[in-house]
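>
There are 2 protein chains.
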Amino acid sequence: MPSRVIAGTALHTPTRGRFEALEDVLILVDAIGRISEILPRDHPRFAEIKAQAERQGNLTELQEGQFLLPGLVDLHIHAPQWPQLGKALDAPLEVWLQRYTFPLESRYADLSFAREVYSALVETLLANGTTTAVYFATIHLEASLALAEICLAKGQRAFVGKVAMDDARQCPDFYRDASASTAVNETRAFIQSVRDRAGEEDPLVHPIITPRFIPSCTDALLEGLGKLAEETGCLVQTHCSASDWESNFVQERFGATDTAVLSQFGLLRENTILAHSNFVTDEDLALIRQKGAAIAHCPLSNFYFANAVFPLRAALDKCVRVGLGSDISAGHSPSVLDGCRHALLASRARHSGIDPHLPPEERGLAGSTISVAEAFWLATVGGGEALGLPIGKFAPGFKFDALVMDLNAHGSNINWLPDLDTIEDVFQKLVLNATRSNIVMTWVNGAVVARSSAAQMRDDQAKQ
Amino acid sequence: MPSRVIAGTALHTPTRGRFEALEDVLILVDAIGRISEILPRDHPRFAEIKAQAERQGNLTELQEGQFLLPGLVDLHIHAPQWPQLGKALDAPLEVWLQRYTFPLESRYADLSFAREVYSALVETLLANGTTTAVYFATIHLEASLALAEICLAKGQRAFVGKVAMDDARQCPDFYRDASASTAVNETRAFIQSVRDRAGEEDPLVHPIITPRFIPSCTDALLEGLGKLAEETGCLVQTHCSASDWESNFVQERFGATDTAVLSQFGLLRENTILAHSNFVTDEDLALIRQKGAAIAHCPLSNFYFANAVFPLRAALDKCVRVGLGSDISAGHSPSVLDGCRHALLASRARHSGIDPHLPPEERGLAGSTISVAEAFWLATVGGGEALGLPIGKFAPGFKFDALVMDLNAHGSNINWLPDLDTIEDVFQKLVLNATRSNIVMTWVNGAVVARSSAAQMRDDQAKQ
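Protein sequences, first through last, are from chains L and W. Plus 31 on top of the position in the first sequence (first one is 1) and you've got the numbering used here. Plus 31 on top of the position in the second sequence (first one is 1) and you've got the numbering used here.
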């Protein structure tokens with residue numbers, strides 16, 4: 032017996048670059064939020080199961096103009112930077128970090144400030160369709176734990192990391208771990224506390240080991256966190272080869288690339304999430320693939336701070352795991368659909384190059400483009416594979432993390448002409464034009480966790 | 032006596048790159064929609080004028096969290112392409128044009144289809160803050176006239192062009208003007224009809240002479256339209272040096288650049304709007320400046336179809352007039368605020384380059400970035416100067432075309448912390464993060480022409 036049945040048309044990209052429409056299907060969801068079965072319209076038990084679910088009050092039926100999309104996966108979010116979203120991006124990276132970002136992050140010693148910001152953040156991300164979020168928090172144990180609790184309370188699938196950063200040469204006095212051992216011990220305590228709260232079996236929220244990036248960590252910290260990953264089986268996230276400065280710094284300190292150094296310290300593991308990775312070499316990509324680690328491609332923040340464009344096409348063609356990251360707040364949008372659009376733009380900039388005064392063949396790197404379906408795959412299945420979770424598409428055994436998209440929603444910018452648009456056209460319009468206004472309902476693990484303001488207002492009216 | 036007084040804080044960029052906040056001012060608007068005076072808080076008559084306006088029911092007072100921005104100017108929109116917004120952008124330009132765009136545009140022989148699409152388009156653009164729109168329509172006289180009528184009826188400031196394209200070698204059989212003389216005569220009739228409808232004095236809607244682009248026009252048509260511009264004093268718009276193919280085609284046909292050819296035919300005039308202009312030379316920029324023509328920079332569609340990035344910084348530094356174009360539907364967003372964001376990304380791609388495997392100094396064109404304030408200037412004052420209209424900032428003599436932005440609107444993605452954010456931070460957050468949801472009211476020429484769906488729903492509730 033399914034605990035919930037959803038009737039409607041679902042659109043997804045089950046394999047990279049391949050769009051598929053599941054038209055007028057029944058999606059059966061079990062008690063632990065997993066899709067147990069998907070019944071096509073011509074299935075012999077279709078009408079019976081639908082009628083039964085309706086009688087039992089377990090049926091959700093999509094309306095005309097509504098379509099299901101898989102929930103979106105955001106592999107790279109700095110939760111404490113939420114208050115400065117869209118601010119100070121004219122500043123160079125150093126100023127942005129030292130004058131804005133570190134002072135802001137240091138404020139999360141204040142737990143009530145943390146709770147207020149994190150609640151607003153998680154609600155906004157759910158409303159924008161982010162059903163799985165991978166968070167950097169701050170160095171503060173309590174505030175980081177508050178973020179995990181808020182994700183649990185609001186029903187967002189999440190990985191939450193207490194940030195570790197102890198190197199006095201790179202971290203400001205007012206914002207760093209007291210020592211490598213403190214950072215490792217607090218990370219261990221954080222892992223245990225999150226696991227206690229989220230439960231043993233199929234937890235919605237996971238801890239993740241989070242060295243900020245190599246330059247901000249001493250060797251002792253990197254080594255300690257590597258051992259902790261091995262000891263706890265906890266996933267790891269960090270920044271990797273993000274900019275010229277950062278890559279050169281690591282090269283000078285270790286005589287090796289970020290990827291190689293992370294590997295030496297035991298931090299390059301199955302499902303380690305490497306943010307950016309713009310300057311990885313072919314050898315790095317091979318090592319990342321071999322280890323089963325993954326790249327969080329953050330195209331928007333890359334335009335601002337990366338000094339170049341991540342070779343996405345090359346990574347995909349080498350079958351390296353890649354998903355998308357908003358990189359809040361070095362990226363100024365909380366929307367992973369915006370992330371799809373920016374990944375397309377970055378791939379096209381790489382393809383075409385930038386200088387019209389050069390001959391075409393010298394301008395860009397031909398063959399670097401991705402398709403709309405590939406962009407959406409990155410935002411869903413790609414993110415799921417990066418994390419090793421059964422999310423991102425509609426298939427038996429996968430979690431029912433989904434968005435109800437409404438083309439006719441109040442405030443929609445989508446113009447839909449049923450007699451001119453194929454179902455794939457509708458999909459492309461959603462990926463390229465949908466806004467938060469079109470996301471009328473967000474499901475995580477089989478439960479509704481957000482409804483749009485227009486839908487809420489209609490409910491409020493109905494209640495009056 | 033002002034016919035309307037608006038009380039609140041207005042944010043704008045009166046000169047290029049300079050942000051200014053007019054805090055807690057009174058903006059006095061006269062009977063023809065022009066700002067007659069702006070009174071600072073400490074003006075001796077401030078309280079008296081405000082009280083008087085309130086008594087007379089002429090006061091609009093902004094609420095906590097609301098700010099005025101100047102209305103946005105979109106210099107390049109293909110109105111008939113609205114139904115395919117966000118569709119088929121994976122296709123190469125030739126396929127996109129021949130298989131999707133020309134067949135769609137040819138449908139506007141059907142006037143009722145045209146009215147339906149154009150009504151939806153103008154409403155959507157007003158809701159997204161586009162107070163001035165420069166439109167390519169189609170070759171159809173009646174449908175193009177319907178667009179002008181709809182702009183008048185809905186109160187959008189607009190330039191509307193009946194497209195002229197007659198060259199059988201480049202235009203499809205099913206969609207082209209019968210001959211050069213037909214196209215010129217119909218354009219002349221169109222200009223007169225729009226002027227009849229919009230009135231002589233300070234019209235809200237203007238006709239604009241619109242050769243599609245040089246490759247689609249015979250010499251006779253280009254010559255005829257150039258003479259028509261001289262005869263009627265009507266502005267001109269066209270595409271210019273948009274891609275490798277197009278630039279090379281013109282070079283082969285005329286042995287000169289687009290800009291030079293347009294000039295020869297009398298089409299490069301004061302306030303001629305040149306869409307794209309990615310491949311203009313330094314000589315072209317000098318000629319554009321000398322003639323007082325302007326460039327509609329369309330960064331989003333450029334990523335898809337331009338083969339390179341427009342040298343925006345260079346154009347600005349040479350004091351060439353530049354504004355922004357959404358290039359609907361080669362651009363997939365109807366929002367000029369998105370246009371600001373894309374202009375920033377394009378400028379940064381040009382600055383940083385795209386290939387991390389090159390040394391930094393060989394990658395990009397250092398010094399190409401623009402600031403957030405410059406991007407917003409392009410979207411407002413820049414667009415106004417391109418068209419020769421007194422719009423885009425809050426100053427006496429300028430039209431009151433304005434947006435009420437609400438940071439606390441339903442569905443807002445902006446996180447605003449008054450004790451952490453300066454007024455300039457608020458401005459940057461609006462430019463980088465505001466969506467249609469934040470635009471609760473749109474004014475053109477001193478009249479409210481759109482209200483957000485949330486605001487409308489609150490009204491509907493109040494009426495019940």
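Beta carbons are placed, not taken as given, at the ideal position from N, Cα and C, and that holds for glycine.
(1) Quick check: the Cα distance between W:A179 and W:A337, rounded to an integer number of angstroms?
(2) Could you tell me how far apart the beta carbons of W:D105 and W:A164 are, in whole angstroms, since I believe they sit closer than 8 Å?
(3) Output the distance between the C-alpha atoms of W:A41 and W:D456, rounded to the nearest integer angstrom.
(4) Against W:P238, what residues of chain L qualify as contacts under a CB-to-CB distance less than 7 Å, listed in chain order?
(5) Check W:H43 in the structure and name its three-state DSSP category.
(6) Terminal residues of the continuous alpha helix (DSSP H) containing L:G370?
(7) List, in chain order, every chain L residue whose beta-carbon is nearer than 9 Å to that of W:A485.
(8) Is the CB-CB distance between L:R65 and L:K424 below 7 Å?
(9) Cutting at 8 Å between CB atoms, please list the residues of its own chain near L:M436, excluding the five before and the five after it.
(10) For chain W, find out if any of its Cβ atoms is closer than 7 Å to the Cβ of L:G515; answer yes or no.
(11) Suppose the cutoff is 7 Å on Cβ atoms and the five residues either side in sequence are ignored; what does the same chain contact list for L:V475 look like?
(12) Can you tell me the Cβ-Cβ gap for W:I69 and W:L53, rounded? I've got them flagged as a contact below 8 Å.
(13) Could you tell me which whole alpha helix (DSSP H) segments of length 4 or greater appear in the region 314-353 of chain L?
(14) Compare the beta carbon distance of W:A174 and W:L128 with 7 Å and say whether it is the shorter of the two.
(15) Determine the direct distance from the alpha carbon of L:T269 to that of L:V480, and round the result to whole angstroms.
(16) According to DSSP, which residues form a beta bridge with L:K424?
(17) Which residue spans inside the region 144-173 of chain W form an unbroken beta strand (DSSP E) run of at least 3?
(18) DSSP has L:A52 in a bridge; who is on the other side?
(19) Can you tell me where the beta strand (DSSP E) with L:S67 in it begins and where it stops?
(20) Can you check which of these residues, L:V412, L:P114, L:L343, L:E405, is closest to W:I385 by C-alpha distance?
(21) Strictly below 7 Å CB to CB, what residues from chain L border W:N338?
(22) Considering only their Cβ atoms, is the gap separating W:Q201 from W:S247 smaller than 7 Å?
(23) Would you please verify whether the beta carbon of L:W113 is less than 7 Å from any beta carbon of chain W?
(24) Should L:R76 be counted as a contact of the ligand GDP given a C-beta to heavy atom distance under 6 Å?
(25) Strictly by DSSP, which residues pair up with L:L434?
(26) Could you compute how far the alpha carbon of L:N159 sits from the alpha carbon of L:V191?
(27) Would L:L355 and L:A410 qualify as a contact pair, given that the criterion is a beta-carbon distance under 7 Å?
(28) Taking DSSP as the reference, what is the three-state secondary structure of L:C4?
(29) List the residues of chain L whose Cβ lies closer than 9 Å to the Cβ of W:P387, in chain order.
(30) Could you tell me the distance, in whole angstroms, from the CA atom of L:A339 to the CA atom of L:E392?
(31) Suppose you measure from the CA of L:N302 to the CA of L:H109; what does that come to, to the nearest Å?
(32) Between the region 362-378 of chain L and the region 110-126 of chain L, are three or more C-beta pairs nearer than 8 Å?
(33) Give the straight-line distance between the Cα atoms of L:I422 and L:V412, rounded to the nearest whole angstrom.
(34) With 7 Å as the C-beta to C-beta threshold (strictly closer), list the residues of the region 453-481 of chain L near chain W in chain order.
(35) Report yes if the C-beta distance between L:G442 and W:S484 is below 7 Å; otherwise report no.
Taking the structure as given:
(1) Going from the Cα of W:A179 to the Cα of W:A337 covers about 29 Å.
(2) 5 Å
(3) 14 Å
(4) Ordered by position in chain L, no residue passes the 7 Å Cβ test against W:P238, which lies about 25 Å from the chain.
(5) strand
(6) Annotation: the continuous alpha helix (DSSP H) that includes L:G370 extends over 367-383.
(7) H441, G442, S484, A485, M488
(8) no
(9) Hits under 8 Å: Q97, F98, L99, L100, L461, A465, N469, I470, V471.
(10) No answer is possible for residue 515 of chain L: it lies beyond the span of chain L, which begins at 32 and ends at 495.
(11) G102, T162, G186, Q187, R188, D432
(12) Correct: roughly 6 Å between the Cβ atoms.
(13) 330-336, 343-348
(14) no
(15) Cα to Cα, the separation comes out at about 28 Å.
(16) Answer is none; L:K424 lacks a bridge partner.
(17) 161-167
(18) L:L42
(19) 66-70
(20) L:L343
(21) Ordered by position in chain L, the residues that pass the 7 Å Cβ test against W:N338 are S383, P391.
(22) yes
(23) yes
(24) The ligand GDP is not part of this structure, which contains no ligands at all.
(25) Bridge pairing for L:L434: L:L100, L:T473 [DSSP].
(26) 19 Å
(27) yes
(28) The requested residue 4 of chain L is not part of the displayed model; chain L covers only 32 to 495.
(29) S272, D275, S278, N309, F310, V311, A337, N338, A339, V340, F341, P342
(30) 19 Å
(31) Computed Cα separation, rounded: 19 Å.
(32) The region 362-378 of chain L makes contact with the region 110-126 of chain L, as at least three CB pairs between them are under 8 Å.
(33) 7 Å
(34) D456, Q459, K460, L463, N464, T466, R467, S468
(35) yes
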